[in-house]
Amino acid sequence: MSKTTNTKENGFETHIVDYLVDSNNYVERANKNYDNSNCIDAAMLFQFLETTQAKALDKLKHYHKDLYKQKIVKRLNDQIKQKGIIAVLRKGIVDGFTDTKLRLFYDKPVSAYNQKADTLYQANIFSAMRQVYFSPQNKKSLDIVTFINGLPIISFELKNELTKQNVEHAIKQYKTDRDPNEELFRFGRLVVNFAVDTEEVWMCTELKGQSSFFLPFNKGYKNGAGNPPKDGIKTDYLWKDVLTKDSLTNIIQNYSQIISEEIEYVDAKGKKRIKKVKKLIFPRFHQLTAVRNILVDAQEKGAGQKYLIQHSAGSGKSNSISWLAHQLVGLHNKAGDKTIFDTVIVITDRRVLDKQIRDNIKQYQQVKGVVQAITEGSKQLKTALEEGKKIIITTIQKFPHIVEEIGDLPGNNFGIIIDEAHSSLSGQMARKLNETLAKVSDEEKLQSDLENYDENENDDVTGEDLIRALIKSRKLLDNASYFAFTATPKNKTLELFGVPYQDDGKTKFRAFHLYSMKQAIEEGFIKDVLQNYTTYQSYYALLKRIEDDPEYDKKKAQKKLKAYVESHEHAIKKKAILMINQFLEHLNKKVGGKAKAMMVTSSRANAVKYKKAFDHYLAAINSPYKAVVGFSGEIDGETESSLNGFPSAKIPDEFEKNDYRFLLVANKFQTGFDQPLLHTMFVDKKLGGVNAVQTLSRLNRSHPLKKDTFVLDFANTAEDIESAFKPYFESTILGEETDPNKLFDLQDALDNYQVYNREQVSAFSNKILDNVPVDQLHALLDESSAVFRNDLEEEQQADFRAKVKTYVRLYIFLSQIVEFENAYLERLYIFLNHLQNKLGGDTSEDFAQGILDTIDMDSYRLQLESTTHVVLEQGEDLKPIPTEMRGGVNDPEIDRLSSILQTFNDRYGTEFEDTDKVRKMAVDIAEGVMNNQEMKNSMEYSDEQNAKITNDKVVADEMLKHINSNFNFYKHYSDNKEFKEDVNNMIFGLVKEMLRAGVSGNTNP
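Heads up: the sequence shown begins at 6 in my numbering, then just goes up one per residue.
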């Protein structure tokens, strides 16, 4: 009978082990060779020691006699229990009796020319064993275990879909049938445990029963989860690529690591404590491939390259940056005789993340003293460089100190890793960095570099030479490679750091490596923040409170009226109540009852109003929860500290506390703020582009108890948000490069206005370079600004002003990627950059000024529009930065107040119920209250608190007079406590207003 293909699980085992043996030069070992008490294949261990360290072994044999094997195995196991297998493989063990060191593993040498080191590396024995009985207590077995020099490294549980089982069953087997107390499964004994089927690979570094945390180890497919289809088994990259001798050696030496994490917890007395928890790290597939691909490219091309790594939140970016930094420092050229980078600088734009990355990178250092975090400035940096620190970590805020010192190191090569590249290295900061790192760091070198450009050669360095040096230093430098990490690359970032490629006759740009938002969501590392997107529409009507009908600028008036309504205390109060009720009724039980919410406001003034509205309503309903507010500076005499009752620096820590559930923000905390308990976001601000993605992404951090997220939006439609997210959901592409010719077109257009001449531009730029007193600069600028004001028509002034702005912005960007040899462009940039401040603003006369004094709120109503799951797909390419800019003066369209209000109310109003008529009804009732004798006496003789009590009583009496004419209004007033309070407050305000105006009796609004 002919033999058929073995489609069972053991057939899958055979297939993998056969490949490891035949193609990867592993040795297949019978399972009887495994000692499950000592977790060792002793024959392989001693074969390796005899081959590589015969002298040391002889010394141990001589001292320990027949017990030498037992002594070595015991010492080995003691050290593995204490330090973990990775440290033992890297550093070996020492026999205390004889002070004899034994190496357990030899690293791959940097250069193949080092024959002795290469021979020792080749002597490592990689082996595989099937059906390994791991326990002395029972006959349970692992499908495959791989070993290095007799020491178990990786365990595998395999499942085969053809037998109706998959990777989920393998994970379940590890969780339920692999006792973490077994010696082999104790923390740090194995490097990793793999659950494998023919579709997917998952991994876990520490088995903890049901709490075992398995991560995907998949390539990704169509920028999402899973693995791409192929001829053969989808998961064969595991044994064909990852488990080769070179690859596994590289992972053990440079990636796998036991690190400590600080975990906060609350003790029995309610005090916040910190405990250190050990964690074994094994790289995820995208981390491994990203770092490896970068290193291969950097070794091939040397310094002077640029790399954009688009890795979503949830990608494990801190680890990726740490691995890259350490390996860039040790990266040799192909000959293996010289390192490529002298120093690696890690720049981050967030102080909190600076500490996170700093701690992370330090934990990965294998030799003490390699890493230096710059926390004090330039002196500390100078010392660090003199002491040979190879990795320097800093924030963007400290960067100016750093670049001054680095500039004194001509000839050195730098690797610069930038976290969140779009905000860290843009515009002026890039120029500062490049000017300092440039090799042209002394005048002698400068002159020899540039003398061939100068027709009038002499011994002096001229202003023209310095200008050319500046031009040269603006470009990304030959002696530095840039490694830029971001989840949401902007158009400038893509063009500056991305990989150019041709498509349909255009030069486009993409990231060097991608781990998409789509893949991070599908793999469960971040939450889909658009899963429950709820939008509310505001409807309102305004009324005229003066008899006159003045004229205003229609367009500006409409904007002011909209802002007025949305910032009106009545609107803010209604929205605050809706948000709090929504949270308390439906959301605070999320994330195990620990859910928190962020509320995004459109201005600092509104943040203050919302804080007061939240505090008032939370107190009124006796809620145990509190709100904290975040904004910069001072507004109307209020600061974060005065409103919160504690210093600004404590906001993240205070918000951690259980009673603080609402964080109300104006710009602050919208980016870079990580709080896994954030489940809900309330949005009362227009969001777009990267800002929308970064703001809503505050919700995406995973938490073991977080199953979903919720967004309630007053200001944007679901379609707006979908448009903002689409370009960043998968791969972000820049659809076209910026055309440098546009800069020359702008220069021509500006020159033609004859506001300045070339001599003035040269004279001004020379004075800047000569560091002259500032008064000499003003005189030159004033000449040109006088021509601008006196000789140009209003329309021309607007156009010139707009073109100046565009030229300055475009030159800052293009000078980083294009080597302009025309010195006039640089001189013109210096001149215009200063002149633009003398040209006045482009704010025209405000023909809508005073309109807010003439109107009042009539009605306001919130209506639920929709709750939807915004489903994303690949978006359109980003467009390059705009280069066309023509300014102009728009004549205002003037209209009467009554007509403006009619247009506004038609646009934003709807059919209002009587209960929505906020102001008009209040005015009718206020007239009655004002004429009440008791009220008059109270206003004249009582304090405000008692007058308010009288007001509320009289209002209730007046309400009865309207019971027949407006029963619905009266009923709502009687039944709805919140509405009643609103009406009472509004009438009391009107009565006081009437008194101030000296009005009594019949009053018309």
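From the three backbone atoms N, C-alpha and C, an ideal C-beta is built for every residue, glycine too.
Residue i, DSSP secondary structure in three states
| i | result |
| --- | --- |
| Pro114 | coil |
| Thr920 | Legend: pLDDT at Thr920 = 49, less than 50; position of this residue unreliable, value from coordinates given subsequently. Correct three-state label for Thr920: helix. |
| Gln377 | strand |
| Ile130 | coil |
| Asn1009 | Residue placement at Asn1009 cannot be trusted, given a pLDDT of 40 that sits under 50; the coordinates are not used to answer. |
| Asp40 | strand |
| Glu448 | Annotation note: pLDDT 36 at Glu448 (below 50); position unreliable, coordinate value reported separately. Three-state result, Glu448: helix. |
| Gln675 | coil |
| Gln258 | helix |
| Pro652 | coil |
| Asn457 | Confidence is the limiting factor: at Asn457 the pLDDT is only 34, short of 50, which leaves the residue's position unreliable, though a coordinate-based value still follows. Three-state result, Asn457: helix. |
| Phe346 | coil |
| Glu188 | helix |
| Arg1001 | helix |
Proximity below 8 Å, CB of residue i to CB of residue j
| i | j | result |
| --- | --- | --- |
| Phe287 | Ser261 | yes |
| Leu739 | Lys523 | no |
| Tyr758 | Leu815 | no |
| Asp706 | Met603 | One point to set straight first is that residue 706 is Arg, not Asp, in the sequence displayed. No. |
| Thr685 | Phe588 | yes |
| Val351 | Ile314 | no |
| Asn259 | Lys884 | no |
| Glu500 | Glu742 | yes |
| Asn537 | Thr872 | yes |
| Tyr73 | Lys79 | no |
| Ile656 | Glu645 | yes |
| Ala133 | Tyr31 | yes |
| Asn338 | Gln310 | no |
| Asn38 | Phe139 | no |
| Val172 | Val197 | no |
| Gln765 | Ser790 | no |
| Ile45 | Gly193 | no |
| Ala308 | Ser486 | yes |
| Asp251 | Lys532 | no |
| Leu669 | Lys616 | yes |
| Val875 | Ala723 | yes |
| Ser767 | Ile835 | no |
| Asn43 | Gln136 | no |
| Ile77 | Leu107 | yes |
| Ile422 | Leu329 | yes |
| Phe53 | Ile130 | yes |
Residue i - partner residues in DSSP beta bridges
| i | result |
| --- | --- |
| Phe490 | Ile314, Asp424 |
| Met208 | Phe199, Leu220 |
| Lys283 | Ser265 |
| Tyr538 | Val716, Thr873 |
| Pro157 | Phe152 |
| Ile98 | Leu107 |
| Glu898 | DSSP, once it has assigned bridges, lists no residue as partnering Glu898. |
| Lys513 | Tyr506 |
| Thr400 | Thr353 |
| Tyr665 | Lys631 |
| Tyr226 | Gly229 |
Anticipated Cβ contact below 8 Å, residue i with residue j, distance rounded
| i | j | result |
| --- | --- | --- |
| Ala697 | Arg609 | Not quite, the Cβ-Cβ distance comes to about 20 Å (not below 8 Å), so this is no contact. |
| Thr151 | Leu50 | Rounded, the Cβ-Cβ distance is 15 Å, inconsistent with contact. |
| Asn228 | Thr240 | Actually they do not touch by this definition, with Cβ atoms about 19 Å apart. |
| Asp184 | Leu163 | Not quite, the Cβ-Cβ distance comes to about 20 Å (not below 8 Å), so this is no contact. |
| Ala720 | Val695 | Not a contact, Cβ separation roughly 17 Å. |
| Val716 | Thr539 | 7 Å |
| Gln752 | Leu830 | 7 Å |
Neighbour flag for residue i against chain D, beta carbons, 8 Å
| i | result |
| --- | --- |
| Asn776 | In the structure shown, chain D does not exist; there is a single protein chain. |
Contiguous alpha helix (DSSP H) assignments of at least 4 residues, all confined to the segment 545–596: Those alpha helix (DSSP H) runs which fall completely within the segment 545–596 and span 4+ residues are 559–572, 574–587.
Alpha helix (DSSP H) runs contained entirely in the segment 753–777, provided each spans 4 or more residues: Taken in chain order, the complete alpha helix (DSSP H) segments of 4 or more residues contained in the segment 753–777 are 763–774.
Completely contained alpha helix (DSSP H) runs for the segment 682–749, where each covers 4 or more residues: As far as the segment 682–749 is concerned, its whole alpha helix (DSSP H) runs of at least 4 residues are 694–701, 723–734.
Every unbroken beta strand (DSSP E) inside the segment 594–645 [3 residues or more]: Here the runs fully enclosed are 601–606, 631–635.
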